[in-house]
Amino acid sequence: MKFAFLTVAALVAALVTGCSKTAQTENTEIVDLPRGESVEAIEKAVDSFVEATRTVPVSPDSITIHSVMIIKHGKVLSEHWYNGQAADMPHKMFSVSKTFTATAVGMAIEEGKLALTDKVISFFPDKVPAEVSENLAAMSVRDLLTMTCGHDSEPQISRFLDPDNVDSPDLDWVKAFLAWPVDHKPGEYYLYNSFGTYMLSAIVQKVTGEKIIDYLNTRLFEPLHIKRPVWDESPQGICCGGWGLNLTTEDMGKMGQLFLQKGMWNGKQLVSAEWLKEMSSYQVPSAPSGTRFEDLEKVGLNKDNNEWVQGYGYQMWVSRHNSFRADGYAGQYFMVFPDRDAVLVLTTSSSLYQPYMEIIWEHLLPVL
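Start counting at 1 in the sequence shown, then tack on 117, and there's your number in the working numbering.
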């Protein structure tokens, strides 16, 4: 989407109103995330939150905050960067990337290019193993989205790589995924599986003829005024899907706000409201990455004490307090609170997970 340059009057108006980014079409000024007036209670809560992360019992270095952004009723009410980070500095999203991959899948479904029930092997007939098991044949797009593709252990693609070259072009990641044993009936066994998300990226590229970064650029990033981000790729030139996306804090805030607005942005429906609802709703029971679902009781994890057993949607987590989130390694989150009309964005370097969540609930939840 192309926009004309702002007139001087429009630019002055944008500066006065504190809009983060504006553009103008022939008839309509477009506003992304306007800034609201600072709220003392929110600023005090952010200060206490940051201080609490510095004094956790395990180690003062266990949680390092990089940014905090609070959006309420569509306006940014608080934004802070710490420890060398800045507003215009892209941050590694790790598994927050998965949410963007699932969004692309929904767009492709809306365009009639694929369906939730499509079988994974149907997209790669030339890359299936010599013998296709019944479980592999049954694996669907929905199974990839819900992390229930049937693997008993997550494919370790690195095992197949040349030890002297971790990006060996001789390894085809799709072939390696399809060759991994599928021990369970797809749809019935949850196991966090980042390479399953890579397969979703490969499928989108297969059916659209575009890398997922390019497919999303015109349909999502440009309308949201997100500068085309960097997304790591496999040796085959397929975006990693489950990781590797780099975004700014505000980029994440816009995505969270898009969920609140049910896919509508500046008068245009970018993503199906029904698809975003499915993505962010409970689809299957879940377990933290690295924990087997059947071991939850043994290790003492339940819905009262752990944020990662609340349920999983399509590449998103269900959270307590009637919320849901995109969630990345080391504490990258955008958390959406529909009942409160609020979005919370955090970028972090953290070796703690549940204790960090408890600090979020204690200090930030009350002001959302």
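Here a beta-carbon is modelled for each residue, glycine too, at the ideal position from N, C-alpha and C.
It should be emphasised that the depicted structure is a prediction, and the values quoted were computed from it without experimental measurement.
Could you check what DSSP says for residue i in three-state terms: helix, strand or coil?
| i | result |
| --- | --- |
| residue 313 | helix |
| residue 270 | coil |
| residue 207 | coil |
| residue 469 | coil |
| residue 371 | helix |
| residue 405 | coil |
| residue 460 | strand |
| residue 447 | coil |
| residue 161 | helix |
| residue 230 | coil |
| residue 179 | coil |
| residue 246 | coil |
| residue 416 | coil |
| residue 171 | helix |
| residue 186 | strand |
| residue 441 | strand |
| residue 410 | helix |
| residue 388 | coil |
| residue 264 | coil |
Let me check understanding here. Comparing Cα to Cα, which of the options lies closest to residue i?
| i | options | result |
| --- | --- | --- |
| residue 350 | 342, 343, 379, 359 | 359 |
| residue 215 | 451, 410, 335, 466 | 451 |
| residue 424 | 437, 250, 398 | 437 |
| residue 312 | 156, 440, 361 | 361 |
| residue 295 | 366, 310, 249 | 249 |
| residue 238 | 157, 252, 431 | 252 |
| residue 320 | 262, 471, 335, 240 | 240 |
| residue 152 | 173, 478, 190 | 190 |
| residue 445 | 246, 165, 406 | 406 |
| residue 375 | 458, 314, 155, 205 | 458 |
| residue 465 | 431, 422, 366 | 366 |
| residue 429 | 442, 408, 419, 418 | 442 |
| residue 409 | 264, 200, 333, 287 | 264 |
| residue 246 | 199, 297, 270 | 297 |
| residue 397 | 419, 431, 418 | 431 |
| residue 393 | 154, 221, 155, 199 | 221 |
| residue 403 | 478, 308, 212, 164 | 308 |
| residue 456 | 372, 476, 482 | 482 |
Where residue i and residue j are concerned, what is the direct C-alpha to C-alpha distance, given to the nearest angstrom?
| i | j | result |
| --- | --- | --- |
| residue 181 | residue 414 | 31 Å |
| residue 231 | residue 377 | 26 Å |
| residue 305 | residue 433 | 18 Å |
| residue 301 | residue 268 | 6 Å |
| residue 326 | residue 218 | 15 Å |
| residue 379 | residue 390 | 5 Å |
| residue 395 | residue 235 | 17 Å |
| residue 227 | residue 169 | 44 Å |
| residue 299 | residue 400 | 21 Å |
| residue 272 | residue 255 | 18 Å |
| residue 162 | residue 197 | 12 Å |
| residue 427 | residue 421 | 9 Å |
| residue 270 | residue 287 | 23 Å |
| residue 165 | residue 213 | 26 Å |
| residue 204 | residue 229 | 37 Å |
| residue 418 | residue 475 | 15 Å |
| residue 331 | residue 416 | 42 Å |
| residue 257 | residue 266 | 7 Å |
| residue 156 | residue 478 | 19 Å |
| residue 324 | residue 334 | 16 Å |
| residue 274 | residue 411 | 24 Å |
| residue 469 | residue 173 | 10 Å |
| residue 310 | residue 471 | 20 Å |
Less than 7 Å between C-beta atoms, sequence neighbours within five positions excluded: which residues of the same chain meet that for residue i?
| i | result |
| --- | --- |
| residue 363 | 207, 208, 209, 210, 346, 347 |
| residue 292 | 244 |
| residue 159 | 187, 194, 195, 484 |
| residue 353 | 289, 290 |
| residue 224 | 336, 388 |
| residue 129 | Bear in mind that a pLDDT of 31 at residue 129, under 50, signals an unreliable position, so the model cannot answer this. |
| residue 480 | 162, 165, 166, 169 |
Give me, in chain order, the residues of the same chain whose beta-carbon lies closer than 6 Å to that of residue i; leave out the 5 immediate sequence neighbours on both sides.
| i | result |
| --- | --- |
| residue 202 | 183, 184 |
| residue 467 | 180, 447, 448, 473 |
| residue 259 | 233 |
| residue 328 | 322, 356 |
| residue 454 | 440, 485 |
| residue 261 | 313, 316, 317 |
| residue 343 | 368 |
| residue 435 | 399, 427, 428, 441 |
| residue 373 | 451, 453, 460 |
Go through its chain and collect everything with a Cβ distance to residue i's Cβ below 8 Å, but skip five positions before and after it.
| i | result |
| --- | --- |
| residue 370 | 150, 186, 188, 193, 451, 460, 462 |
| residue 340 | 118, 382, 383, 385, 387 |
At a cut-off of 6 Å, is residue i close to the ligand SAH when judged by its beta-carbon and the heavy atoms of the ligand?
| i | result |
| --- | --- |
| residue 329 | No copy of the ligand SAH occurs in the structure displayed, which carries no ligand at all. |
Any C-beta of chain D sitting closer than 7 Å to the C-beta of residue i?
| i | result |
| --- | --- |
| residue 267 | Within the model displayed, chain D is absent; a lone protein chain is all it includes. |
- Task: Kindly provide the ranges of any alpha helix (DSSP H) runs that are 4 or more residues long and lie completely inside the region 286-310, ordered along the chain.
- Result: 290-296
- Item | Secondary structure, alpha helix (DSSP H): runs of 4+ residues fully inside the region 317-381 | 329-333, 366-377
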